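FYI, in this note's numbering the residues of the sequence shown are 596 to 983.
From the three backbone atoms N, C-alpha and C, an ideal C-beta is built for every residue, glycine too.
Computed from a prediction, not measured in an experiment: that's the story for all the values here.
Structure, as structure tokens:
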Amino acid sequence: MKYFIKTFGCQHNVADSERIAGYYENRGFKRALSYDEADVIIVNTCVIRQKSEDKAYGFIKNLDKKRRAGLNFKIIVTGCLVGTAVHDKTGKIMHLLKRRLPEADEFLPIDEVGFEYNSVRQNHDHAWVPISHGCNNFCTFCIVPFSRGRERSRPFDEIIEEINELTDNGYSKITLLGQNVNSYGADLIVNKSNFYSRYNFNIKPVTVKHLGRYRLLTLFPPLLHQICQNKKIKNLSFVSSNPWDFSDELINTIAQNKQIDRIIHLPVQSGSNKILKAMNRWYTRQDYLKLIKKIKSKIPEAEFTTDIIVGFPGETKKDFLATLDLVKKINFTKAFIAGYSPRPNTLGAKLVNNVSLQEKKERFHILDNFINHRPNSKIPIWLKGESI
């Protein structure tokens, strides 16, 4: 029996697919080089944007055409599309999913594929290592808390053990994955006595404060420090981190450990305070710029990549110009830019989506050209005269 996996979406989905491959190989399956020689085709879906979701639907419909033309395989659907349905306690989304995808033979929740299965990695130098799943932040544009559930951290020693095994097998580049990596461990230390009794080495949780108030305890800086004791690691990076949990201790840990990548991914989403507030992002543009300055003061060679959404409901030309202005000030190495699309169950979906598709496309191309292609791009005429 052979399996074939088609993956849509981000690095988290790629890491999930590697674990799914291990799940099937543990059951005696072999990897197929293409879907036309597979007995089982697993479609790992993404729902972060409507476009990603539509691609998965289209792929599954095309698979069914191949099957009706004579190929014989089962279609297994997994990933965030299934996660959204499973986490909906009303059952309505699962009912709609089954109606929309009658071609699927099985829906596989990713939570059922545990970490007891060794990931089957295609890269033999770099490894994705998930350290947490889900998210507690509920940004108004984001479906992750509904598709992956609340944040759950993997055990500290399990992560260390996996990374040590990887480096023993020749891996020298590691990327830690989490929807909010720098809040890692907050759920592990709710019961401090149980946590400390588990480990025989000294781990001191870091207190994260935001806007002058206590927010959470995190184990992310000590996790990074512990991983860096493994000198076989040449490059250690992480995605994705949130600005409001980027503590001074985390900055110091990066500064002290040269193995940690100096290219830091720090999603900003918008440069407008009005839009940031509407997105339920817990910082202002001034807070973000201050954090960048603080990081650069300790790590002068640091470079930054980011995520930006254009066309969020209520975004005016003035709001977009504020984003463009922030981008100019920071000089991002790269940006992942997306036009806003409403997602089920999110608060953003209840807002009036008053930015046209054409305006989203224009704003996307302006930022994409400026950051990723032509830094000397001029501000278009329709933005001139606007001020922040």
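Q. Under the three-state reduction of DSSP, which class applies to S767: helix, strand or coil?
A. Residue mapping note: residue 767 aligns to position 172 of the sequence shown, counting from 1. Three-state result, S767: coil.
Q | Residues of its chain near L771, where Cβ-Cβ distance is below 6 Å and the 5 sequence neighbours each way are ignored | A | Translated into the one-based positions of the sequence shown, residue 771 becomes position 176. Taken in chain order, the residues that qualify are V724, I726 and F833.
Q: Please state whether DSSP places T735 in a helix, a strand or coil.
A: Position 140 of the sequence shown, counting from 1, holds the residue named residue 735. Coil, per DSSP.
Q: Figure out for me which residue from L691, Y652, A633 and Y619 has the closest Cα to the Cα of G665.
A: Here residue 665 refers to the residue found at position 70 of the sequence shown. Among L691, Y652, A633 and Y619, the Cα nearest to that of G665 is on A633.
Q. Using a beta-carbon distance below 7 Å, is D882 in contact with chain C?
A. In the structure shown, chain C does not exist; there is a single protein chain.
**Q.** Sequence-distant residues of its chain with Cβ nearer than 8 Å to V801 (five each side left out)
**A.** Within the sequence shown, numbered from 1, the residue matching residue 801 stands at position 206. Hits under 8 Å: L812, T813, L814, F815, P816, P817, S842, E844 and L845.
Q.
Given a cut-off of 7 Å on the beta-carbon distance, is the pair E910 and V950 in contact?
A. Here residue 910 refers to the residue found at position 315 when the sequence shown is read from its first residue. Here residue 950 refers to the residue found at position 355 when the sequence shown is read from its first residue. It is a contact, given that the beta carbons lie within the stated cut-off.
Q: Indicate the three-state DSSP secondary structure (helix, strand or coil) for I846 in the structure shown.
A: For the purposes of this step, residue 846 is taken as the residue at position 251 of the sequence shown. Of the three classes helix, strand and coil, the one that applies to I846 here is helix, per DSSP.
Q: Count the other CB atoms, across all protein chains shown, that sit within 10 Å of the CB of P704; report buried if there are 16 or more and exposed otherwise.
A: Taking the first residue of the sequence shown as 1, we reach residue 704 at position 109. The residue is exposed, with fewer than 16 neighbouring Cβ atoms inside 10 Å.
Q.
Taking its Cβ as the centre, do 16 or more other Cβ atoms sit within 10 Å of L952, making it buried, or is it exposed?
A. Your numbering for residue 952 matches position 357 in the sequence shown. Exposed: under 16 other Cβ atoms inside 10 Å.
Q: Pair every Cβ in the stretch 631 to 648 with every Cβ in the stretch 728 to 735, then say whether three or more of these pairs are closer than 8 Å.
A: No contact exists between the stretch 631 to 648 and the stretch 728 to 735.
Q) Residue range of the beta strand (DSSP E) that E721 falls in? A) As a first step, residue 721 is located in the sequence shown; it is residue number 126 there, counting from the start. It should be pointed out that residue 721 corresponds to His in this sequence rather than to Glu. Taken as a continuous stretch (DSSP letters only), the beta strand (DSSP E) holding H721 covers H721 to P725.
Q) If we count the other Cβ atoms within 10 Å of its Cβ and call it buried at 16 or more, is N795 buried or exposed? A) Translated into positions along the sequence shown, residue 795 becomes position 200. Because the pLDDT at N795 is just 49, under 50, the model does not fix this residue reliably, and the value given afterwards should be weighed accordingly. Around the beta carbon of N795, fewer than 16 other beta carbons lie within 10 angstroms, which makes this residue exposed.
**Q.** D669 versus F965 - alpha carbon distance
**A.** To locate residue 669, count along the sequence shown from 1; it is residue 74. To locate residue 965, count along the sequence shown from 1; it is residue 370. The sequence given here places Lys at residue 669; Asp does not occur at that position. Whole-angstrom Cα-Cα distance: 45 Å.
Q: Indicate the three-state DSSP secondary structure (helix, strand or coil) for F985 in the structure shown.
A: The structure shown does not extend to residue 985, since the chain is modelled only from 596 through 983, so no value can be given for it.
(Q) What residue range does the beta strand (DSSP E) around L946 cover? (A) Mapped onto the sequence shown, residue 946 falls at position 351. Premise fails: L946 is in no beta strand (DSSP E) and is neither H nor E.
Q) Should E648 be labelled buried (16 or more other beta-carbon atoms within 10 Å of its own) or exposed? A) Start at 1 with the first residue of the sequence shown, and residue 648 comes out as number 53. Answer is buried; the Cβ neighbour count reaches 16.
Q | Sheet register partners of I902 (DSSP bridge) | A | Within the sequence shown, residue 902 is the residue found at index 307, counting from 1. Note that residue 902 is Asp in the sequence shown here, rather than Ile. BP columns for D902 point to F931.
**Q.** Neighbourhood of K646 by C-beta, 6 Å cutoff - its chain only, sequence neighbours within 5 removed
**A.** Walking along the sequence shown from the start, residue 646 turns up at place 51. Correct list: empty, nothing qualifies.
Q) Using the rule of at least 16 other Cβ atoms within 10 Å of the residue's Cβ for burial, across every protein chain shown, is Q1000 buried or exposed? A) Given that the chain is displayed from residue 596 to residue 983, the structure contains no residue 1000 and the question cannot be resolved.
(Q) So for T989, helix, strand or coil by DSSP? (A) With the chain represented from 596 up to 983, any question about residue 989 goes unanswered, as that position is not in the structure.
Q | Where L691 falls: helix, strand or coil (DSSP) | A | Taking the sequence shown and counting its residues from 1, one reaches residue 691 at position 96. Correct three-state label for L691: helix.
**Q.** R938 (DSSP reduced to helix, strand or coil)
**A.** Stepping through the sequence shown from its first residue, residue 938 is reached at position 343. It is coil, neither helix nor strand.
Q) Measuring CA to CA, which of Y619, C605, A610 and R614 is closest to Y598? A) What you label residue 598 is simply residue 3 of the sequence shown in a count that begins at 1. Among Y619, C605, A610 and R614, the Cα nearest to that of Y598 belongs to Y619.
Q.
Among I887, V715, I600 and Y883, whose alpha-carbon lies nearest the alpha-carbon of G617?
A. Start at 1 with the first residue of the sequence shown, and residue 617 comes out as number 22. For the residues I887, V715, I600 and Y883, the minimum Cα distance to G617 belongs to V715.
Q) Out of curiosity, what's the CA-to-CA distance linking C737 and T941? A) Position 142 of the sequence shown, counted from the start, is the residue given in the question as residue 737. Position 346 of the sequence shown, counted from the start, is the residue given in the question as residue 941. Those two C-alpha atoms are separated by around 7 Å.
Q: May I ask you to report which of helix, strand or coil DSSP gives I809?
A: Working through the sequence shown from its first residue, we reach residue 809 at position 214. Checking the sequence shown, residue 809 turns out to be Tyr, not Ile. DSSP places Y809 in strand when its eight states are reduced to three.
(Q) For a test of the three-state rule: what should DSSP assign to G653, helix, strand or coil? (A) As a position in the sequence shown, residue 653 is number 58, starting the count at 1. G653 falls in the helix class under three-state DSSP.
Q | Nearest-angstrom Cβ-Cβ length linking I849 and I855, presumed shorter than 8 Å | A | Reading the sequence shown from its first residue, position 254 is the one you call residue 849. Reading the sequence shown from its first residue, position 260 is the one you call residue 855. Sure, about 5 Å apart at Cβ, within 8 Å.
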